[in-house]
Amino acid sequence: MMLREEATDPPEERAQEALERGDRAEALTLLREAYGPAVYRFCRQMVTDAGLAEDVHQLTFVQAYEGLERFAGRSSLRSWLYGIARHRCLDALKARKRRLRIVHCVPTLPETRDEGADPEESALERGVQEAVERCLEGLDPRQKAAVLLRFQSGLTYPEMAEACRERPATLQARVTRALPALRLCLEGRGIQP
C-alpha cells in the first residue's frame with residue numbers, strides 16, 4: 029500500500045501510521061475525531077435537512093472505512109473524505125429530487141430555541157443564516173458544493189480538486205461565478221455581504 033510520505037497535519041499522520049499497521053478501525057476513529065464535525069457541517073449545508081445530513085455523514089464514514097485498504101495516497105485523507113462526502117451529498121440530493129416528484133412535501137417543524145441567547149441577536153443571526161441557506165439553495169449543486177468546500181470547510185483549490193476529481197481552475201471558476209449570484213441574492217433579502 030502506497031501512502032503519502034508527507035502528512036499535512038498530526039491527525040492525518042497518525043491515521044496514516046495506523047493504516048500502515050493495518051488498523052483501519054483506529055485510522056477511521058482518528059479521521060472521524062479530526063474531520064467528523066467539519067464533514068457533517070459540509071453535509072448539512074449541502075442537503076439542508078439535518079436527518080439526511082446525518083445519514084450522509086454516516087454513509088461517508090462507512091464508505092471511508094470500506095475504502096481505507098484501497099487508499100493509495102494520491103490525495104490527503106482529508107480531501108479524500110470530502111470527496112466521498114460530496115458524492116454522497118449529490119446522490120442524496122438526486123434521490124430527494126426524485127422523491128419530491130412523487131410525494132407531496134410536508135413542511136418542517138421549527139427548530140428549538142436556545143434559551144440562553146439574546147433573543148434579538150439570535151433572531152438576527154438566524155435571519156442571516158436562513159438568508160445564506162436560501163441563497164445557497166438557489167445555486168447549482170456543483171456550485172454549492174464548491175462554495176461550501178472553499179469557504180465553510182476551508183479547502184484550497186488543489187484540495188478541492190482532489191476531493192472532486194476536477195481541475196482546480198474549474199472549481200475556482202464555479203466559485204467565482206457563484207459569488208456574484210450569492211451577493212445579489214443576499215442583497216435582495218436585505219443583507220449586506
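Per this note's numbering, the sequence shown starts with residue 29, numbered consecutively.
Think of the CB as a built atom: it goes at the ideal place given N, C-alpha and C, for glycine as much as any other residue.
Just so you know, these numbers come straight off a predicted model, no measurement behind them.
(request) Measure the Cβ-Cβ separation of L199 and A174 and say whether it is below 8 Å. (result) Closer than 8 Å, so yes.
(request) Would you identify the three-state DSSP class for E194, choosing helix, strand or coil? (result) In the displayed model, E194 falls within coil according to three-state DSSP, outside both helix and strand.
(message) Just to confirm my understanding: we take E187, look at its own chain, exclude 5 residues before and 5 after, and list those with CB closer than 6 Å. What are they?
(response) Answer for E187: S107, listed in chain order.
(message) Determine whether the beta carbon atoms of R239 and L58 lie at a separation below 8 Å.
(response) Shown here, the chain extends from 29 to 221; a query on residue 239 therefore has no answer.
(message) Count Cβ pairs between the segment 111–118 and the segment 83–95 that sit closer than 8 Å; are there 3 or more?
(response) The segment 111–118, when compared against the segment 83–95, does touch it at the 8 Å Cβ threshold.
(request) Measure the alpha-carbon distance for G50 versus L96 and round it to whole angstroms. (result) Rounded to whole angstroms, G50 to L96 spans 10 Å at the Cα level.
(message) Less than 8 Å between the C-beta atoms of L56 and Y110, yes or no?
(response) No. Outside cutoff.
(message) Relative to the C-alpha of Q220, which candidate in K172, Q180, Q157 has its C-alpha closest?
(response) Ranking the options by Cα distance to Q220, first place goes to Q157.
(request) Assuming V75 and A120 form a contact by the criterion Cβ under 8 Å, report the distance between their Cβ atoms to the nearest whole angstrom. (result) Here V75 really is in contact with A120; their C-beta atoms are around 5 Å apart, less than 8 Å.
(message) To the nearest angstrom, how far is the alpha carbon of K125 from that of F179?
(response) Cα to Cα, the separation comes out at about 26 Å.
(request) Would you decide whether L212 is buried or exposed? Buried here means 16 or more other CB atoms lie within 10 Å of its CB. (result) Exposed is the call here.
(request) Could you name the residues of the same chain whose beta carbon sits closer than 6 Å to that of T204, not counting the 5 residues immediately before and after it, in chain order? (result) Result list for T204: empty, nothing under 6 Å.
(message) What would DSSP say about G95, mapped onto helix, strand or coil?
(response) In the structure shown, G95 falls within a helical segment according to DSSP collapsed to helix, strand and coil.
(request) Tell me whether L167 sits in a helix, a strand or coil according to DSSP, three-state version. (result) DSSP places L167 in the coil class of the three-state scheme, outside both helix and strand.
(message) Is it buried or exposed, R60, if we count other Cβ atoms within 10 angstroms and call 16 or more buried?
(response) Taking all protein chains shown into account, R60 has 16 or more neighbouring C-beta atoms within 10 Å of its C-beta and is therefore buried.
(request) Express the C-alpha separation of L80 and A123 in angstroms, rounding to a whole number. (result) For A123 and L80, the distance between alpha carbons rounds to 11 Å.
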